[in-house]
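Just below is one structure, and these are the notes that go with it.
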Amino acid sequence: MFVDDHVEIERRFLVDGREEKPWREGSEVLLIEQHYNVGKHLKMRAGALWFDDTKFAALTQSEIEFLAKNTAWTTRLRKRNETYVLTYKSRISNDTAIELEWVVEAAHALALLASGPFPSIEKTRYVLTGSDGMVWEVDEFEGGLAGLILAEVELPSSQTEVVLPPWTGQEITGLASWSNHALAETLTL
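Sequential numbering of the sequence shown, starting at 548, is according to the numbering used here.
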(Lines of atoms letter the chains of each structure in order from A and count residues from 1; the text may use other names and numbers.)
(Lines give C-alpha, C1' and ligand atoms only; values in the text may rest on other atoms or scores of the structure.)
Protein backbone atom coordinates (compact mmCIF):
# COMPACT_ATOMS: atom_id res chain seq x y z
CA MET A 1 0.00 0.00 0.00
CA PHE A 2 1.48 3.35 -1.07
CA VAL A 3 0.22 6.77 -0.15
CA ASP A 4 0.58 9.18 -3.09
CA ASP A 5 1.89 11.92 -0.80
CA HIS A 6 4.93 9.75 -0.08
CA VAL A 7 5.74 8.69 -3.66
CA GLU A 8 8.29 10.64 -5.69
CA ILE A 9 8.62 10.00 -9.43
CA GLU A 10 11.45 11.82 -11.18
CA ARG A 11 13.79 11.78 -14.15
CA ARG A 12 17.37 13.06 -13.87
CA PHE A 13 19.82 14.39 -16.45
CA LEU A 14 23.38 15.62 -16.81
CA VAL A 15 23.61 19.25 -17.89
CA ASP A 16 26.38 20.88 -19.93
CA GLY A 17 26.97 24.22 -18.25
CA ARG A 18 30.19 25.22 -19.99
CA GLU A 19 28.48 27.97 -21.95
CA GLU A 20 25.20 29.78 -21.31
CA LYS A 21 23.11 28.88 -18.27
CA PRO A 22 19.54 29.81 -19.28
CA TRP A 23 18.04 28.00 -16.25
CA ARG A 24 19.38 30.81 -14.03
CA GLU A 25 17.17 33.48 -15.64
CA GLY A 26 14.07 34.18 -13.54
CA SER A 27 14.50 31.05 -11.42
CA GLU A 28 13.92 30.63 -7.72
CA VAL A 29 17.37 30.15 -6.12
CA LEU A 30 17.97 27.84 -3.15
CA LEU A 31 21.25 27.28 -1.29
CA ILE A 32 21.38 23.64 -0.23
CA GLU A 33 23.57 21.49 2.02
CA GLN A 34 22.74 17.78 2.22
CA HIS A 35 24.15 15.46 4.89
CA TYR A 36 23.66 11.70 4.47
CA ASN A 37 23.50 8.64 6.76
CA VAL A 38 22.06 10.70 9.62
CA GLY A 39 19.47 7.99 10.32
CA LYS A 40 22.04 5.83 12.11
CA HIS A 41 21.80 8.33 15.00
CA LEU A 42 17.98 8.36 15.12
CA LYS A 43 15.71 5.87 16.90
CA MET A 44 11.99 5.30 16.43
CA ARG A 45 9.99 5.12 19.66
CA ALA A 46 6.68 6.40 21.03
CA GLY A 47 5.46 7.48 17.58
CA ALA A 48 8.44 9.68 16.81
CA LEU A 49 12.05 9.77 15.63
CA TRP A 50 14.46 10.63 18.45
CA PHE A 51 18.05 11.83 18.61
CA ASP A 52 19.27 11.03 22.12
CA ASP A 53 16.55 12.57 24.33
CA THR A 54 15.34 15.04 21.71
CA LYS A 55 12.13 14.39 19.80
CA PHE A 56 13.23 15.02 16.23
CA ALA A 57 10.02 14.34 14.29
CA ALA A 58 6.51 13.17 15.16
CA LEU A 59 5.32 10.31 12.93
CA THR A 60 1.91 9.54 11.45
CA GLN A 61 0.63 5.98 11.53
CA SER A 62 1.36 5.52 7.80
CA GLU A 63 4.93 6.80 8.30
CA ILE A 64 5.44 4.35 11.17
CA GLU A 65 4.21 1.53 8.90
CA PHE A 66 6.48 2.59 6.01
CA LEU A 67 9.51 2.80 8.30
CA ALA A 68 8.74 -0.58 9.91
CA LYS A 69 8.20 -2.41 6.59
CA ASN A 70 11.33 -1.19 4.84
CA THR A 71 14.91 -1.23 6.11
CA ALA A 72 16.57 0.07 2.91
CA TRP A 73 16.33 3.80 3.65
CA THR A 74 18.74 6.50 2.56
CA THR A 75 18.61 9.20 5.21
CA ARG A 76 19.38 12.84 4.63
CA LEU A 77 19.31 16.08 6.56
CA ARG A 78 18.96 18.97 4.11
CA LYS A 79 19.46 22.64 4.85
CA ARG A 80 17.52 24.59 2.22
CA ASN A 81 18.28 28.27 2.75
CA GLU A 82 17.53 28.43 6.52
CA THR A 83 15.13 25.46 6.77
CA TYR A 84 16.21 21.95 7.81
CA VAL A 85 14.34 18.93 6.44
CA LEU A 86 14.91 15.30 7.48
CA THR A 87 14.26 12.78 4.70
CA TYR A 88 13.98 9.00 4.59
CA LYS A 89 14.02 7.79 0.98
CA SER A 90 13.72 4.27 -0.42
CA ARG A 91 13.87 3.45 -4.12
CA ILE A 92 11.15 1.14 -5.49
CA SER A 93 12.06 1.42 -9.21
CA ASN A 94 14.47 3.37 -11.41
CA ASP A 95 12.33 6.51 -11.37
CA THR A 96 10.18 6.02 -8.26
CA ALA A 97 10.90 6.25 -4.54
CA ILE A 98 9.05 6.45 -1.27
CA GLU A 99 10.04 9.70 0.40
CA LEU A 100 9.16 10.70 3.95
CA GLU A 101 10.03 14.26 5.04
CA TRP A 102 9.80 16.35 8.21
CA VAL A 103 10.81 19.95 8.89
CA VAL A 104 13.24 19.96 11.84
CA GLU A 105 14.09 22.74 14.29
CA ALA A 106 17.48 24.29 13.50
CA ALA A 107 18.84 23.63 17.01
CA HIS A 108 17.95 19.92 16.74
CA ALA A 109 19.48 19.68 13.26
CA LEU A 110 22.72 21.33 14.37
CA ALA A 111 22.98 19.00 17.39
CA LEU A 112 22.60 15.97 15.11
CA LEU A 113 25.18 17.30 12.64
CA ALA A 114 27.64 17.83 15.52
CA SER A 115 27.57 14.04 16.06
CA GLY A 116 29.06 13.56 12.54
CA PRO A 117 30.94 13.81 10.28
CA PHE A 118 28.47 12.79 7.58
CA PRO A 119 28.95 12.47 3.80
CA SER A 120 27.79 15.85 2.47
CA ILE A 121 27.26 17.90 -0.65
CA GLU A 122 26.63 21.60 -1.28
CA LYS A 123 24.81 23.00 -4.26
CA THR A 124 22.86 25.93 -5.62
CA ARG A 125 19.44 24.90 -6.92
CA TYR A 126 17.56 26.79 -9.61
CA VAL A 127 13.83 26.03 -9.81
CA LEU A 128 12.05 26.84 -13.07
CA THR A 129 9.02 25.85 -15.09
CA GLY A 130 9.54 24.15 -18.46
CA SER A 131 7.61 24.93 -21.65
CA ASP A 132 5.18 22.10 -20.82
CA GLY A 133 4.47 23.41 -17.31
CA MET A 134 6.67 20.84 -15.55
CA VAL A 135 8.87 22.10 -12.70
CA TRP A 136 12.61 21.54 -13.19
CA GLU A 137 15.30 21.70 -10.51
CA VAL A 138 18.82 22.37 -11.78
CA ASP A 139 21.60 21.75 -9.25
CA GLU A 140 25.01 23.38 -9.65
CA PHE A 141 27.32 21.61 -7.22
CA GLU A 142 29.97 23.32 -5.09
CA GLY A 143 33.16 22.21 -3.32
CA GLY A 144 34.65 18.91 -4.46
CA LEU A 145 31.89 18.51 -7.06
CA ALA A 146 32.22 22.05 -8.49
CA GLY A 147 31.42 22.08 -12.19
CA LEU A 148 28.91 19.22 -11.99
CA ILE A 149 25.37 20.23 -12.99
CA LEU A 150 22.37 17.89 -12.75
CA ALA A 151 18.71 18.52 -13.54
CA GLU A 152 15.61 16.67 -12.42
CA VAL A 153 11.92 16.91 -13.09
CA GLU A 154 9.24 15.43 -10.82
CA LEU A 155 6.38 13.71 -12.62
CA PRO A 156 2.83 12.67 -11.67
CA SER A 157 3.45 9.20 -13.18
CA SER A 158 6.21 7.21 -14.88
CA GLN A 159 4.30 7.44 -18.16
CA THR A 160 4.12 11.24 -18.16
CA GLU A 161 5.75 12.72 -21.24
CA VAL A 162 7.99 15.70 -20.66
CA VAL A 163 9.48 18.27 -23.03
CA LEU A 164 13.23 18.22 -22.45
CA PRO A 165 14.86 21.66 -22.37
CA PRO A 166 17.71 21.99 -24.89
CA TRP A 167 20.32 22.14 -22.10
CA THR A 168 19.55 18.62 -20.82
CA GLY A 169 22.16 16.01 -21.64
CA GLN A 170 22.37 12.29 -21.00
CA GLU A 171 19.61 10.83 -18.87
CA ILE A 172 20.87 9.29 -15.61
CA THR A 173 17.53 8.25 -14.10
CA GLY A 174 18.00 5.17 -11.94
CA LEU A 175 21.81 5.13 -12.12
CA ALA A 176 22.73 4.71 -8.45
CA SER A 177 26.26 6.07 -8.91
CA TRP A 178 24.75 9.46 -9.87
CA SER A 179 22.51 9.77 -6.81
CA ASN A 180 23.29 12.67 -4.49
CA HIS A 181 24.01 10.13 -1.75
CA ALA A 182 26.58 8.32 -3.93
CA LEU A 183 28.18 11.63 -4.93
CA ALA A 184 28.47 12.62 -1.25
CA GLU A 185 30.05 9.25 -0.45
CA THR A 186 32.71 9.74 -3.16
CA LEU A 187 33.82 12.92 -1.41
CA THR A 188 34.54 10.99 1.81
CA LEU A 189 36.84 8.40 0.21
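The C-beta atom is built at its ideal place from N, Cα and C for all residues, glycine as well.
Because the structure is a prediction, the values reported are computed rather than measured.
In the structure shown, Lys616 falls within a helical segment according to DSSP collapsed to helix, strand and coil. Around the C-beta of Val651, 16 or more other C-beta atoms lie within 10 Å, and the residue is accordingly described as buried. Within the region 659 to 732, the complete beta strand (DSSP E) segments of 3 residues or longer fall at 667 to 676, 682 to 688, 696 to 701 and 715 to 718, listed in chain order. The beta-carbon distance between Gln581 and Ile696, rounded to whole angstroms, is 16 Å. This is too long to meet the 8 Å contact definition. Under the three-pair Cβ rule at 8 Å, the region 552 to 561 counts as touching the region 689 to 707. Short of 8 Å from the beta carbon of Ser640, and not among the five residues preceding or following it, lie these beta carbons of its own chain, in chain order: Ser705 and Gly721.
When DSSP states are grouped into helix, strand and coil, Leu734 belongs to the coil group. Looking from the CA of Glu689, the closest CA among Gly716, Leu734 and Glu699 belongs to Leu734. Take Trp620, set aside five residues on each side of it, and the residues of its chain with a beta-carbon closer than 7 Å to its own are Gly586, Tyr635, Lys636 and Ser637, in chain order.
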